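Heads up, the thing below is written out as structure tokens.
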Amino acid sequence: MDFTLDAYAARTCAVKTQHLFTPGLTPGPVDESLQDSFHGGIDHVAHVAELLLAGHHDIVDLRETPRGEAESACADAMDAGVAVIMGGELQPDPAGHRRGRVNVLVRAENANTSGPAAYRPVLVKPRRIMERRVSGRENVWEVPYSPLHDLAHEPGRVAENRALRRHENDFIQVAHLYRLLETHGRVAPGARVAGIIGTDEVPGVEGPVVTWVDLDEPFLKTFSRSEPTGRKSRSPLERHDHEHAFRVQVAKNALGGGEPLVEPVRIRECDWCPWWRTCEPILGPNDLSARIDTAPLDVREIRTLRAMGIRTIDDLAGTDLESLLPKYLPEVTHRSQADSRLRNAARRARMLRDGIELERTTEGPIPIDRADLEIDFDLETYDDRAYLWGFLVHDRRSGERPYYKAFTSWTPMDDAAELALASEALEWLRDISTTARTRVYHYSSYETRHVGQLVGSGGTPHLDWVLPWVHEHFVDLYTSVKNNFFGCHGLGLKVVAQLGADFHWRDAEPDGLKSLQWYEEAVGAETAAERAAAQRRLLEYNEDDVRATHHLRAWLDASA
Ligand code: SF4
Numbered sequence: 001m002d003f004t005l006d007a008y009a010a011r012t013c014a015v016k017t018q019h020l021f022t023p024g025l026t027p028g029p030v031d032e033s034l035q036d037s038f039h040g041g042i043d044h045v046a047h048v049a050e051l052l053l054a055g056h057h058d059i060v061d062l063r064e065t066p067r068g069e070a071e072s073a074c075a076d077a078m079d080a081g082v083a084v085i086m087g088g089e090l091q092p093d094p095a096g097h098r099r100g101r102v103n104v105l106v107r108a109e110n111a112n113t114s115g116p117a118a119y120r121p122v123l124v125k126p127r128r129i130m131e132r133r134v135s136g137r138e139n140v141w142e143v144p145y146s147p148l149h150d151l152a153h154e155p156g157r158v159a160e161n162r163a164l165r166r167h168e169n170d171f172i173q174v175a176h177l178y179r180l181l182e183t184h185g186r187v188a189p190g191a192r193v194a195g196i197i198g199t200d201e202v203p204g205v206e207g208p209v210v211t212w213v214d215l216d217e218p219f220l221k222t223f224s225r226s227e228p229t230g231r232k233s234r235s236p237l238e239r240h241d242h243e244h245a246f247r248v249q250v251a252k253n254a255l256g257g258g259e260p261l262v263e264p265v266r267i268r269e270c271d272w273c274p275w276w277r278t279c280e281p282i283l284g285p286n287d288l289s290a291r292i293d294t295a296p297l298d299v300r301e302i303r304t305l306r307a308m309g310i311r312t313i314d315d316l317a318g319t320d321l322e323s324l325l326p327k328y329l330p331e332v333t334h335r336s337q338a339d340s341r342l343r344n345a346a347r348r349a350r351m352l353r354d355g356i357e358l359e360r361t362t363e364g365p366i367p368i369d370r371a372d373l374e375i376d377f378d379l380e381t382y383d384d385r386a387y388l389w390g391f392l393v394h395d396r397r398s399g400e401r402p403y404y405k406a407f408t409s410w411t412p413m414d415d416a417a418e419l420a421l422a423s424e425a426l427e428w429l430r431d432i433s434t435t436a437r438t439r440v441y442h443y444s445s446y447e448t449r450h451v452g453q454l455v456g457s458g459g460t461p462h463l464d465w466v467l468p469w470v471h472e473h474f475v476d477l478y479t480s481v482k483n484n485f486f487g488c489h490g491l492g493l494k495v496v497a498q499l500g501a502d503f504h505w506r507d508a509e510p511d512g513l514k515s516l517q518w519y520e521e522a523v524g525a526e527t528a529a530e531r532a533a534a535q536r537r538l539l540e541y542n543e544d545d546v547r548a549t550h551h552l553r554a555w556l557d558a559s560a
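Take 1 as the starting number for the sequence shown in UniProt numbering and just add one per residue.
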């Protein structure tokens, strides 16, 4: 059968492939408002393209070239050995059922100089590809990279104290493009490597970098029936080959009019998928994957339950778990804590069936560590950078009303700017607490983890006092909530403060995702008035968050 799949197919839901090749089915329109969420990606690709065009003479830009023309132009550019090709469409591989367009092709150092030029595929993604990881005596954490002005892959050029984030889908996508190049004899001998240009910063390097990924390194954990542990680590190429082969099978079956090989499962991707109007009626209103939105069971877990006759919240709510688990658990060994995940899902199914949102799991008072000076604290971050440190200060000795204090930065931040803002906020916090017994309340471990990452990676001797101080003074209210409540829709601050403490935000639908859009406006809107309005909105949002933890504490403290 004559068809090809693009580089996205293997990384996305297999039901999409099935629908696409099922005669008579057509996708719905994509919601324009959802496309806004991709704008960060479009901006990042444009920014990287500008830098590449400015930094290279031997470069071809095919981003705006229509697909057919881009294919022949890309082949011509590769034949000519152009060093950098942007937006090139690779010639399809009908036998392997692959096609694909590449953000950037980088000419590789070619051992066989008489043969055709070899290339490495590079994706551009609007997220960090590396994470901070401090090397110790036993583990050395480093990731190979190249600055954009010098794209050669040199294994010795590494970002220290960094590890790859597990963006499995990106690795599968770039492995697809590598396979396509390989089919056309366009890859370099030796290590099989591809790149991703994310938003990472490497000390001493200006602008984004290419993070290089070893496509043969088995670092992606998957289910394995044959392994004693039930799990096996596989490489990006192995993961891609498996997922691609399955979708080829799905497409062939659909084209041949066979019974569907895959059924829809509600996942995050459904939010922006043009096939949702086809899948929603298939799922029905009480499907487990459609109704349980907190700690949702994954695709394999849902399919395992369906194979056992459990499809809806009523089915799961009425199931005897002790009989089910011995058959269920061997099929979901890819998940740690699969047992408790299923128990929690069953509890949520019962709550959904019975219309209950928040349950107390204990009895008696809930002790909260009180102090003379009580400070509620919340961080706002964008792309994992803290740009707003908000505090609600309540000096209980004075009898005065609590007041709000914020430290902000409304310009795009680098490592140094983030650290400078953190220093200002943390030193203020220490200074106001010198004369009183103080506790700083926050909700979830995110705040302490972020502070730990900022000051724990060395190079900030003036902040050496911070971690012991945090350890002594900070109180995570989420721990108290988690130890005493179970939430049908989780135990996020928005849920518990509204349902339990009856606190309400000024914004009708407070939402962390919206705050990301507001931040983009606060920093980058065209007019000063628009920027000021977005900044005000973020400050109100943050102030309401810390007032919410203040109310939550009072409510917990009054519990009996
Ligand atoms: S709506 Fe969801 S289940 Fe259906 S094809 Fe799209 S991603 Fe897959």
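Glycine included, each C-beta is placed from N, C-alpha and C at the ideal position. Every value quoted in this text rests on a predicted model; they were computed, and no experiment measured them.
Exercise. So, is Pro129 buried or exposed, given that buried needs 16 or more other C-beta atoms within 10 angstroms?
Worked result: On the sequence shown, position 129 is the one that residue 129 refers to. Sequence check: residue 129 is Ile here, not Pro. Classification of Ile129: buried, given that the 10 Å Cβ count is 16 or more.
Problem set entry | Closest residue to Asp241 among Thr65, Glu521 and Gly96 (Cα-Cα distance) | As a working mapping, residue 241 is identified with position 241 in the sequence shown. Of Thr65, Glu521 and Gly96, the residue nearest in Cα terms is Gly96.
Problem set entry | Leu379, DSSP secondary structure in three states | Residue numbering aside, residue 379 sits at position 379 when the sequence shown is read from its first letter. In the structure shown, Leu379 sits in a strand (DSSP, three-state: E or B).
Exercise. Rounded to whole angstroms, how far is the Cβ of Asp354 from the Cβ of Arg439, which I believe are closer than 8 Å?
Worked result: By one-based count along the sequence shown, residue 354 stands at place 354. By one-based count along the sequence shown, residue 439 stands at place 439. Incorrect: roughly 37 Å between the Cβ atoms, too far for contact.
Exercise. How is Ile302 classed by DSSP in three states: helix, strand or coil?
Worked result: Counted from its first residue, the sequence shown places residue 302 at position 302. Of the three classes helix, strand and coil, the one that applies to Ile302 here is helix, per DSSP.
For this session: May I have a chain-ordered list of the alpha helix (DSSP H) segments no shorter than 4 residues that lie completely inside the stretch 3 to 60?
Result: Counting whole runs of 4 or more residues, the stretch 3 to 60 contains the alpha helix (DSSP H) stretches 14 to 20, 32 to 35 and 39 to 55.
For this session: Have a look at Glu160 and Asp383 and give me their C-alpha separation to the nearest angstrom.
Result: The sequence position of residue 160 within the sequence shown is 160, counting from 1. The sequence position of residue 383 within the sequence shown is 383, counting from 1. If you take the alpha carbons of Glu160 and Asp383, they lie about 20 Å apart.
For this session: Taking all protein chains shown into account, decide if Ser433 is buried (16 or more other Cβ within 10 angstroms of its Cβ) or exposed.
Result: Sequence index remark: in the sequence shown, residue 433 carries index 433 (1-based). Using a 10 angstroms sphere on the CB of Ser433, the tally of other CB atoms reaches 16 or more, which defines it as buried.
For this session: Can you give me the start and stop residues for the alpha helix (DSSP H) that Met78 sits inside?
Result: On the sequence shown, residue 78 is found 78 positions in, with the first residue counted as 1. Arg67 to Asp79 is the span of the alpha helix (DSSP H), which, as asked, contains Met78.
For this session: Along the beta strand (DSSP E) that carries Arg98, what are the first and last residues, could you check?
Result: Here residue 98 is taken as the residue at index 98 of the sequence shown, counted from 1. Per DSSP, Arg98 belongs to the beta strand (DSSP E) from Arg98 to Arg107.
Exercise. Say the cut is 7 Å; is the CB of Glu269 nearer than that to a heavy atom of the ligand SF4?
Worked result: Within the sequence shown, the letter at position 269 stands for residue 269. It does: the Cβ of Glu269 is within 7 Å (strictly closer) of some heavy atom of the ligand SF4.
Exercise. Do you know whose CA, among Gly490, Arg343, Leu255 and Pro274, lies nearest Leu358's CA?
Worked result: The residue you call residue 358 lines up with position 358 of the sequence shown. Cα-wise, what sits closest to Leu358 is Gly490.
Problem set entry | Per-residue burial, Asp200 [other beta carbons within 10 Å of its own, 16 or more giving buried] | Taking the sequence shown and counting its residues from 1, one reaches residue 200 at position 200. Result: buried.
Exercise. According to the Cβ coordinates, are Glu164 and Val210 closer than 8 Å?
Worked result: The count along the sequence shown starts at 1 and reaches residue 164 at position 164. The count along the sequence shown starts at 1 and reaches residue 210 at position 210. Checking the sequence, you will find Leu at residue 164 rather than Glu. Against a cut-off of 8 Å, the Cβ pair of Val210 and Leu164 comes out as no contact.
Exercise. Given that a residue counts as buried once 16 or more other Cβ atoms are within 10 Å of its Cβ, and exposed if not, what is Trp465?
Worked result: Counted from its first residue, the sequence shown places residue 465 at position 465. The residue in question, Trp465, is exposed, as its Cβ has fewer than 16 Cβ neighbours within 10 Å.
Problem set entry | Nearest candidate by alpha-carbon position, reference Glu263, set Lys16, Tyr519 and Gly512 | What you label residue 263 is simply residue 263 of the sequence shown in a count that begins at 1. For Glu263, the nearest C-alpha among the options comes from Lys16.
Exercise. Can you list, in chain order, the stretches of the alpha helix (DSSP H) that have 4 or more residues and sit fully within the stretch 165 to 197?
Worked result: 168 to 183
For this session: Evaluate contact between the stretch 385 to 395 and the stretch 541 to 555, counting only Cβ atoms and requiring at least three cross-stretch pairs below 8 Å.
Result: yes
For this session: Express the C-alpha separation of Leu556 and Pro27 in angstroms, rounding to a whole number.
Result: As a first step, residue 27 is located in the sequence shown; it is residue number 27 there, counting from the start. As a first step, residue 556 is located in the sequence shown; it is residue number 556 there, counting from the start. Their Cα atoms are separated by approximately 49 Å.
Problem set entry | C-beta atoms of Arg437 and Leu373 nearer than 8 Å | By one-based count along the sequence shown, residue 437 stands at place 437. By one-based count along the sequence shown, residue 373 stands at place 373. The answer is yes: Cβ separation under 8 Å.
For this session: Within its chain, find whatever has a CB closer than 6 Å to the CB of Leu20; leave out the 5 residues flanking it on each side and keep chain order.
Result: Here residue 20 refers to the residue found at position 20 when the sequence shown is read from its first residue. Same-chain partners within the cutoff: there are none.
Exercise. For Val265, is the beta carbon positioned less than 7 Å from some heavy atom of the ligand SF4?
Worked result: Residue 265 sits at position 265 when you count from the first residue of the sequence shown. Yes, since a heavy atom of the ligand SF4 falls inside the 7 Å radius drawn around the Cβ of Val265.
Problem set entry | Residue span of the beta strand (DSSP E) that contains Asp315, given as start and end | In the sequence shown, residue 315 corresponds to position 315, counting from 1. Counting along the chain, no beta strand (DSSP E) covers Asp315; the unbroken alpha helix (DSSP H) around it starts and ends at Ile313 to Ala317.
For this session: Mark residue 561 as exposed unless 16 or more other C-beta atoms lie within 10 angstroms of its C-beta, in which case mark it buried.
Result: In this structure the chain extends from 1 to 560, so residue 561 is not present and cannot be described.
For this session: State yes or no: is the C-beta of residue 574 nearer than 7 Å to some heavy atom of the ligand SF4?
Result: For residue 574 there is no data in the structure shown, the boundaries of the chain being 1 and 560.
Exercise. When burial is assigned at 16 or more other CB atoms within 10 Å of the CB, is Asp36 buried or exposed?
Worked result: As a working note, residue 36 is residue 36 in the sequence shown. With a pLDDT of 49 at Asp36, under the threshold of 50, the modelled position of that residue is not reliable, and no figure is offered here.
Exercise. In angstroms, rounded to a whole number, what distance separates the CA positions of Val84 and Pro147?
Worked result: Your numbering for residue 84 matches position 84 in the sequence shown. Your numbering for residue 147 matches position 147 in the sequence shown. Rounded to the nearest angstrom, the two C-alpha atoms are 14 Å apart.
Problem set entry | Cβ-heavy atom distance, Val299 to the ligand SF4, below 7 Å | For the purposes of this step, residue 299 is taken as residue 299 along the sequence shown, with counting starting at 1. Incorrect: Val299 has no Cβ contact closer than 7 Å to the ligand SF4.
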